[in-house]
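A.B. asks: Each position in the sequence shown, counted from 1, maps to that position plus 3 in our numbering. Quick reminder that beta carbons are idealized off the backbone N, C-alpha and C, glycines included. One structure is given below, represented as structure tokens, and several questions about it will come after.
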Amino acid sequence: MTNEFQGKKILVTGGTGSIGFNVVQQLLALDPKQVRVFSRDDSKQFHARIRLGNDPRVNMLLGDVRDKDRLRMAMEGVNIVFHAAALKHVLGSENNPFEAVKTNVIGTQNVIECALENRVDKVVGISTDKAADPTSVLGCTKLLAEKLMSATSNYKGSKQTKFCFVRFGNVIGTRGSVIPLFCRQIKQGGPITLTDPGMHRFFMSIDQAVTLIFKATDMMKDREVFILKMPILKINDLAQALVEVYAPKYGKDPASIKIDVIGKINGERIHEKLVGRNECFNALETPEMFILKPFIAEVNVPVIDEEYPTAVRIEAKEYTTETPELQSNCLTREQIVELLKTNEAYIEESIF
């Protein structure tokens, strides 16, 4: 990758969240002129500033992506925007769908419009595998956010701002995910509350997530969705691996930690998807990722494949945790244990 960020002014919405903050940290090693952290929690900003060593290149900006006027001011003079602000919890979005729409959909529209007004060079949005053939409010709002950016060619006229999204599975060590929840339950002596033992999920590390974000920034032509190929694991195996690793750390006997099955929550699905059944016909594949190409609105034909020289057309099928070749390579409990140990610092940081 080339260094897209040297000497640039960069805005990170949701910049005190797990993904956003790690984007900020890694950006600072790439010699930007300024990094603006845009988020709505002043306490998180206070702690983030300390963790970043009061770096003079970092400007903490209080605000919400729902507030277009504030966002427009924050984006003035910016070259690149990373849009990580979102409501991300399945159950919270199911119970508060209007709020999910305000942040994930209207907030994304505000980012788009402010980026066009300020003639930003590039905007990279953060999405989720739940956007592929969505069954939840969260997935629907994130798919619509992707669609909003995909449609920007209809609105931007002569403006040269480019947009793309990256789509993640579960990210190890992020706050509010299943891993810190299970760790807290283990620390309390159990039980671990498992919604369904048959659930499978795509997993990746925070470092992999940030690498994909930066790679997408480098590769993007306009309006693509970049999806990292991720290993899958069974949530029941993850719970057992966490007991093996963390019960002794908390002075607990692993045999004493029970697992209670409490039933699937609203909006949750047993198997996740990276590429949906209606997306594969316009997708490319590289050894490490999928690229969902946009359509050129004027002639309704996809962007030519030659723009991504290492990519080939994907076989016409969806890519899910039920895909046979993925099932046959599902991470073993031993592999999950190694994955947890490799990402231990991030996991410890995320435990609430």
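Should T144 go down as buried or exposed, given a rule of 16 or more other Cβ atoms within 10 Å for buried?
C.D. replies: Label assigned to T144: buried.
A.B. asks: Using 8 Å as the threshold, is the C-beta distance between V248 and N25 below it?
C.D. replies: Not in contact: V248 and N25 (Cβ atoms no closer than 8 Å).
A.B. asks: Since M78 is in the alpha helix (DSSP H), which residue starts that stretch and which ends it?
C.D. replies: It is not in any alpha helix (DSSP H) - M78 carries neither H nor E in the DSSP assignment.
A.B. asks: Quick test of your reading: L74 and G80, contact by CB under 8 Å. State the CB separation rounded to the nearest angstrom.
C.D. replies: Rounded, the Cβ-Cβ distance is 14 Å, inconsistent with contact.
A.B. asks: With DSSP collapsed to three states, give me the class of V213.
C.D. replies: Reduced to three states, the DSSP call for V213 is helix.
A.B. asks: Decide yes or no for the touch test of the region 201-221 against the region 268-277: beta carbon pairs closer than 8 Å, at least 3 of them.
C.D. replies: At 8 Å Cβ cutoff, the stretches touch.
A.B. asks: Quick check on the burial criterion: 16 or more other C-beta atoms within 10 angstroms. Buried or exposed for N157?
C.D. replies: Its Cβ having fewer than 16 others within 10 Å, N157 is exposed.
A.B. asks: Alpha carbon to alpha carbon, what distance is there between T289 and T313?
C.D. replies: So the two alpha carbons sit approximately 6 Å from each other.
A.B. asks: Using a Cβ-Cβ cut-off of 8 Å (strictly less than) and excluding sequence neighbours within five positions of V108, which residues of its own chain qualify?
C.D. replies: Once the five neighbours on either side are set aside, the close Cβ partners of V108 are T144, L147, A148, L151.
A.B. asks: Which of helix, strand or coil does DSSP assign to D44?
C.D. replies: In the structure shown, D44 sits in coil (DSSP, three-state: anything other than H, G, I, E or B).
A.B. asks: For a test of the three-state rule: what should DSSP assign to S208, helix, strand or coil?
C.D. replies: It is a strand residue.
A.B. asks: Which value, in whole angstroms, describes the spacing of the CA atoms of L90 and S139?
C.D. replies: Between L90 and S139, the C-alpha separation is close to 13 Å.
A.B. asks: Hey, quick one: how far does the beta strand (DSSP E) through C167 stretch, first residue to last?
C.D. replies: From DSSP, the beta strand (DSSP E) with C167 extends over 165-171.
A.B. asks: Quick check: the Cα distance between R69 and V114, rounded to an integer number of angstroms?
C.D. replies: Rounded to whole angstroms, R69 to V114 spans 9 Å at the Cα level.
A.B. asks: Pull up the distance between the alpha-carbon of L94 and that of G179, whole angstroms please.
C.D. replies: Answer to the nearest angstrom: the Cα atoms are 12 Å apart.
A.B. asks: Got a sec? Which residues, its chain only, sit under 8 Å from H92 by beta carbon, not counting five neighbours each side?
C.D. replies: Closer than 8 Å at Cβ, skipping near neighbours: L141, G179.
A.B. asks: How many Å lie between C283 and D58 at the Cα?
C.D. replies: If I take the Cα positions, the gap works out to 43 Å.
A.B. asks: Looking only at C-alpha atoms, which of T177, E291, P183 sits nearest to I230?
C.D. replies: When only C-alpha atoms are compared, the closest one is E291.
A.B. asks: What residue does the alpha helix (DSSP H) around K12 start on, and which one ends it?
C.D. replies: First-last for K12: 12-16, but that is the beta strand (DSSP E), not the alpha helix (DSSP H).
A.B. asks: By the 10 Å Cβ neighbour count, where 16 or more other Cβ atoms means buried, how is Q163 classified, buried or exposed?
C.D. replies: The residue is exposed, with fewer than 16 neighbouring Cβ atoms inside 10 Å.
A.B. asks: Could you check what DSSP says for G128 in three-state terms: helix, strand or coil?
C.D. replies: It is a strand residue.
A.B. asks: List the residues that DSSP assigns as beta-bridge partners of H203.
C.D. replies: K237, per the DSSP bridge assignment.
A.B. asks: With 16 as the cutoff for other CB atoms within 10 Å, does M51 come out buried or exposed?
C.D. replies: In the sequence as presented, Met is not what sits at residue 51; that position holds Ala. By the neighbour-count rule (16 or more Cβ atoms within 10 Å), A51 is buried.
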